[in-house]
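Comments concern the structure below.
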Amino acid sequence: QVLDRAVTNEWIRINPLKPYKCTYQEPEPDAVFMDDVQKLINADNLNSSEELAKDAFLVETFTGYAYAELAALKISNLIIGIDGKQWLSIERGKTERNESVPVMKIVKDIISKYENHPRRVNYGFLFPVFGAQYYNRLLKSIAAKVGINHDLHSHVGRHTFATTILLENDVPLPTVSKILGHHSVRITERYAKVSKNNISKHMERVEDLLFNF
């Protein structure tokens, strides 16, 4: 636009960039399938630091929280939801909206696991955490130990929650969008695109309905 204006004002004769078009393709969210999540749940050959990182990743995977959100969680973020059960409630960093998610049993167990940790006892934080770089290094080490052929990093847990945990279990897109704190369903649609496993599942169901009679 700046160069086009320069041409209009006769500051330059032609726009040298006119023949070129800049395009940007949004990267697809990176997630793992349930069999890899199960490998993490069952992992029993980890050192103490890896165990802590594994638990943090599983909390991301079953809440959809980003690592920074998880690190900031306090006891005060635990509330009783409209169903009378335990929920986690936070203000999302990007949208500044207060969003809540039910606490699954696996997350409850991890919360209980660290009830006597100094970070909980002294400061009220739910989980002990590492710096992001060290956390990512630990995730790579864990993946190698448990046989996950995937580049685990801090964003994969949140993406796995959206695709493997929610969309592939037929949770409606608007509900997924609300849980993730997106201000638009269009943002959440990126996760639906990568949920090819869900496409396969639905096609198998259609085939059964059509031909198994």
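Counting from 2, one number per residue, gives the positions in the sequence shown under the working numbering. For every residue, glycine included, the Cβ atom is placed at its ideal position computed from N, Cα and C. Model, not experiment: these values are computed from the prediction.
7 Å CB neighbourhood of residue i in its chain, flanking five on each side removed
i: His156; result: Asp31
i: Gly65; result: Val102, Arg159, Phe162, Ala163, Ile180 and Leu181
i: Val172; result: none
i: Ser113; result: none
i: Ala133; result: Tyr68 and Ser155
i: Leu47; result: Lys55, Ile143 and Lys146
i: Val104; result: Gln87, Trp88 and Leu89
i: Ile111; result: Asp56, Leu59 and Val60
Cα-Cα separation between residue i and residue j, rounded to whole angstroms
i: Lys109; j: Trp88; result: 10 Å
i: Leu167; j: Asn123; result: 35 Å
i: Gly82; j: Asn99; result: 13 Å
i: Ser101; j: Ser50; result: 29 Å
i: Val3; j: Pro20; result: 15 Å
i: Thr176; j: Ala7; result: 48 Å
i: Glu205; j: Met35; result: 18 Å
i: Leu59; j: Phe212; result: 39 Å
i: Ile180; j: Lys75; result: 19 Å
i: Asp45; j: Leu18; result: 57 Å
i: Ile143; j: Asp84; result: 36 Å
i: Asn1; j: Asp37; result: The structure shown does not extend to residue 1, since the chain spans only 2 to 214, so no value can be given for it.
i: Lys141; j: Glu70; result: 21 Å
i: Lys106; j: His184; result: 28 Å
i: Asn117; j: Gln39; result: 26 Å
i: Glu52; j: Ile80; result: 26 Å
i: Leu139; j: Ala72; result: 16 Å
i: Glu208; j: Leu174; result: 24 Å
i: Tyr115; j: Asn43; result: 18 Å
Residues of its chain near residue i, where Cβ-Cβ distance is below 8 Å and the 5 sequence neighbours each way are ignored
i: Asn78; result: Leu89, Ser90, Ile91 and Leu127
i: Val33; result: Ile149, His151, Leu153, Val157, Thr161 and Thr165
i: Tyr224; result: Here the chain comprises residues numbered 2 to 214, so residue 224 is not present and cannot be evaluated.
i: Arg14; result: Val8
Cβ-Cβ separation, residue j to residue i (assumed contact under 8 Å), whole Å
i: Leu41; j: Val147; result: 6 Å
Test item: CB-CB of residue i and residue j under 9 Å
i: Thr62; j: Thr165; result: yes
Extent of the continuous beta strand (DSSP E) run through residue i
i: Leu89; result: Gln87 to Glu92
i: Ile80; result: Leu79 to Ile81
i: Pro129; result: First-last for Pro129: undefined, no H or E at that position.
i: Glu100; result: Asn99 to Pro103
Cβ-based neighbour list, residue i, same chain, cut-off 6 Å, excluding 5 preceding and 5 following
i: Asp5; result: Asn16
i: Gly125; result: Lys75 and Ile76
i: Leu210; result: none
i: Arg120; result: Phe126 and Pro129
Residue interval of the alpha helix (DSSP H) (run including residue i)
i: Val33; result: Where Val33 is concerned, there is no enclosing alpha helix (DSSP H), given that its DSSP letter is neither H nor E.
i: Val60; result: Ser49 to Thr64
i: Gln178; result: This sequence places Ser at residue 178; Gln is not what is there. Looking at the DSSP string, the run of the alpha helix (DSSP H) that includes Ser178 is Leu174 to Leu181.
i: Asn46; result: Segment: none, Asn46 is in no alpha helix (DSSP H) and carries neither H nor E.
i: Glu169; result: Neither: Glu169 is in no alpha helix (DSSP H) and is coded neither H nor E.
i: Asn137; result: Ala133 to Val147
i: Ile76; result: Ile76 -> no alpha helix (DSSP H), and no H or E assigned at all.
i: Asp110; result: Lys106 to Lys114
i: Arg159; result: Val157 to Thr161
Neighbour flag for residue i against chain C, beta carbons, 9 Å
i: Arg159; result: No chain C appears in the structure shown, which is made up of a single protein chain.
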